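Working notes for the structure below.
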Amino acid sequence: MRFRRANPNDPPKPQRSTRGRMVITGLAGALCVFAFAPFGWWPLEILGLATLFYQVLRSSSIKAAALIGWAFVTGWTAAGVHWLYVSMHTYGDMPAPLAAAAVLLLGAAMGIYGAAAMASAAWLRKRWTLPLPVANLLVFPAVWALFEWLRGWLFTGFPWLSSGYAHNHSPLAGFAPIIGMYGLGWLAAVMAGALLLLLHRTRLRAAGLVVAIGVTGVGLSFLHWTYPEGKPISVRLLQGNIPQDEKFNGAKVMSTLKLYQDAITAAPADLIATPETAIVMLPQQLPPDYLPGIAQFLNKTNSNLILGIPLADSQTAYFNSAIGITPRQSDGYYRYDKHHLVPYGEFIPFGFRWFVNLMSIPLGDQTSGRDIQPAFPIKDQRVLPNICYEDLFGEEIADQLNHPAQDQKPATLLLNISNLAWFGDTIAIPQHLQISQMRSLETGRPMLRATNTGATAIINGEGKVVQQLPANTFGTLAANVQGMGGSTPYIIWGNKLFLALTALSLAAAWFLTRRAKNQPKAA
Numbered sequence: 116m117r118f119r120r121a122n123p124n125d126p127p128k129p130q131r132s133t134r135g136r137m138v139i140t141g142l143a144g145a146l147c148v149f150a151f152a153p154f155g156w157w158p159l160e161i162l163g164l165a166t167l168f169y170q171v172l173r174s175s176s177i178k179a180a181a182l183i184g185w186a187f188v189t190g191w192t193a194a195g196v197h198w199l200y201v202s203m204h205t206y207g208d209m210p211a212p213l214a215a216a217a218v219l220l221l222g223a224a225m226g227i228y229g230a231a232a233m234a235s236a237a238w239l240r241k242r243w244t245l246p247l248p249v250a251n252l253l254v255f256p257a258v259w260a261l262f263e264w265l266r267g268w269l270f271t272g273f274p275w276l277s278s279g280y281a282h283n284h285s286p287l288a289g290f291a292p293i294i295g296m297y298g299l300g301w302l303a304a305v306m307a308g309a310l311l312l313l314l315h316r317t318r319l320r321a322a323g324l325v326v327a328i329g330v331t332g333v334g335l336s337f338l339h340w341t342y343p344e345g346k347p348i349s350v351r352l353l354q355g356n357i358p359q360d361e362k363f364n365g366a367k368v369m370s371t372l373k374l375y376q377d378a379i380t381a382a383p384a385d386l387i388a389t390p391e392t393a394i395v396m397l398p399q400q401l402p403p404d405y406l407p408g409i410a411q412f413l414n415k416t417n418s419n420l421i422l423g424i425p426l427a428d429s430q431t432a433y434f435n436s437a438i439g440i441t442p443r444q445s446d447g448y449y450r451y452d453k454h455h456l457v458p459y460g461e462f463i464p465f466g467f468r469w470f471v472n473l474m475s476i477p478l479g480d481q482t483s484g485r486d487i488q489p490a491f492p493i494k495d496q497r498v499l500p501n502i503c504y505e506d507l508f509g510e511e512i513a514d515q516l517n518h519p520a521q522d523q524k525p526a527t528l529l530l531n532i533s534n535l536a537w538f539g540d541t542i543a544i545p546q547h548l549q550i551s552q553m554r555s556l557e558t559g560r561p562m563l564r565a566t567n568t569g570a571t572a573i574i575n576g577e578g579k580v581v582q583q584l585p586a587n588t589f590g591t592l593a594a595n596v597q598g599m600g601g602s603t604p605y606i607i608w609g610n611k612l613f614l615a616l617t618a619l620s621l622a623a624a625w626f627l628t629r630r631a632k633n634q635p636k637a638a
């Protein structure tokens with residue numbers, strides 16, 4: 116890709132090797148970790164994508180483009196989720212070299228999506244003989260975004276650190292209720308492609324496009340797609356701060372039970388919520404008076420509780436669940452079962468039991484719940500739980516709001532209960548908070564977060580954290596929260612609008628190049 120006419124008297128410049136381009140893009144991908152929480156330097160991601168596209172455009176072959184794309188996403192993933200080492204080694208007892216190798220292998224596996232994306236883009240550019248503006252603005256961003264979407268879907272998906280998450284506070288955030296997180300990643304890639312045109316003859320139009328996208332995003336942020344529904348409810352979100360190496364220690368279990376019993380019964384609230392697996396014992400294993408004692412407090416104070424606890428339907432089917440206990444004992448327990456399980460941590464992919472056996476992970480082979488489950492009604496509000504990792508899958512949450520179970524009205528509040536103590540005091544905690552913020556932006560719903568070690572927080576329907584407990588402390592977060600009704604375009608359409616826009620981009624690229632070929636050449 117050349118931006119000036121070469122002087123025939125200039126000595127030829129040596130071409131950078133594919134290996135050199137891989138080093139550059141691998142480092143650029145790794146630096147993109149600073150675009151996400153807790154750093155929030157989102158322009159770095161756009162610059163990183165611009166670096167990737169530039170190196171692919173200058174590459175010598177489709178194979179070279181694939182290797183460059185692989186290096187970029189490998190660096191991106193390994194740097195961004197390095198905290199998995201803590202869960203596998205520190206708490207899973209996997210030998211340190213194997214844990215480090217596993218993180219690198221995960222990065223390499225995710226890199227396959229980057230390789231496929233850039234190889235596809237390079238192939239289309241060659242086959243369609245794409246002009247530079249068409250390649251940069253229509254093909255490269257669309258292909259990048261489509262393969263990110265595939266990464267979040269194939270083999271149950273792993274969308275952690277998908278590029279759109281970096282933009283919950285950028286000018287692109289206003290697009291989230293319309294085209295969702297993947298749509299934001301696509302727009303970021305369009306802006307990256309436009310940056311490469313600032314030295315091209317189309318520089319003014321490219322600069323105008325960048326400004327137009329940013330200004331439109333800011334303008335959209337002033338639109339309110341949802342509206343207050345019913346009266347606010349009082350909530351108390353508990354953060355137990357139980358160290359992971361003590362959580363399943365038999366000698367510590369009884370003290371944990373006492374800690375949560377005291378925290379639950381310390382004060383009334385319309386909704387009291389505990390973290391994921393706050394109680395690690397099955398209900399039938401608990402002291403006989405434990406749950407009835409808590410239920411008595413709820414009845415006396417007219418409070419409701421969502422309690423993270425494992426459940427078993429048989430000796431071979433057990434669930435990572437939350438139960439809801441109301442003041443009315445005749446209602447029975449509300450139940451929510453986690454349905455999108457974590458590979459290797461909560462279910463074992465075929466052929467990988469040997470790998471899971473290298474770690475000591477309790478509750479590691481679970482049963483999946485139903486995709487659509489009812490919300491928990493509390494006064495005027497309806498609370499839809501999700502458990503930890505499920506928060507990454509925005510379209511699944513949107514689908515539950517668009518097609519509520521049992522002829523309910525859509526939920527007005529979202530609740531995430533998590534245990535991130537597996538990852539220690541690392542950037543995994545603010546990264547997960549950022550993911551929850553994106554779900555609020557997409558749905559226009561407040562998100563309540565009750566976690567073991569952090570980030571326990573309340574996020575409003577505009578994706579802003581309004582209250583938060585300090586991480587790695589014991590505490591209770593109390594507030595009044597207003598539920599929201601109505602639907603955003605993302606709730607109705609999910610990722611369909613984003614997919615339609617990327618498909619339209621590719622179709623436009625094909626049409627423009629075909630039309631250019633068919634135009635008669637000037638005499």
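Oh and the sequence shown: position 419 is 534 in the numbering used here, straight run, nothing missing. Glycine residues also receive a C-beta, built at the ideal position from the N, C-alpha and C atoms. Please read all numbers here as calculations on a predicted model, not as lab measurements.
- In this structure V350 touches V596 by the C-beta definition: roughly 5 Å separates them, less than 8 Å.
- Of G609, T244 and G267, the smallest CA-CA separation from A631 is found for T244.
- Following the DSSP letters along the chain, one finds P158 inside the alpha helix (DSSP H) bounded by residues P158 to L172.
- In this structure, G423 sits near N534, with a CB-CB distance shorter than 9 Å.
- Per DSSP, reduced to three states, the secondary structure at G423 is strand.
- Per DSSP, reduced to three states, the secondary structure at N595 is strand.
- For R136, the enclosing alpha helix (DSSP H) begins and ends at T133 to L146.
- Look at Y448 here: in three-state DSSP terms it is coil, with no helix or strand label.
- When the beta-carbon positions are compared, A382 and T166 stay at least 9 Å from each other.
- T566 is bridged by DSSP to S533.
- In terms of Cα proximity to G289, the closest of S602, N531, P561 and E557 is E557.
- Burial check for Y342: the Cβ neighbour count within 10 Å stays below 16, so the residue is exposed.
- Relative to L516, the option among Q170, A236, L529 and P425 whose CA is nearest is L529.
- V188 sits in a helix when the DSSP states are folded into three classes.
- Contact between the region 178 to 186 and the region 567 to 581 is absent: fewer than three C-beta pairs spanning the two stretches fall below 8 Å.
- For Q130, the three-state secondary structure derived from DSSP is coil.
- With fewer than 16 other beta carbons inside 10 angstroms of its own, Q130 counts as exposed.
- Of the candidates G155, Q170 and L164, Q170 places its Cα closest to the Cα of R134.
- According to the DSSP assignment, P492 belongs to the beta strand (DSSP E) that extends over F491 to I493.
- Per the coordinates, the alpha-carbon of I487 lies some 18 Å from the alpha-carbon of N610.
- Using a Cβ-Cβ distance cut-off of 8 Å, the region 366 to 375 and the region 598 to 617 are not in contact, since fewer than three pairs of beta carbons, one from each stretch, lie closer than that value.
- Taken through DSSP and simplified to helix, strand or coil, S278 comes out as helix.
- Note on K241: under 16 other CB atoms within 10 angstroms of its CB, so exposed under the neighbour-count rule.
- Per DSSP, V350 lies in no alpha helix (DSSP H); the unbroken beta strand (DSSP E) holding it starts and ends at I348 to Q354.
- Burial state of Q411 is exposed, judged by a 10 Å Cβ sphere holding fewer than 16 other Cβ atoms.
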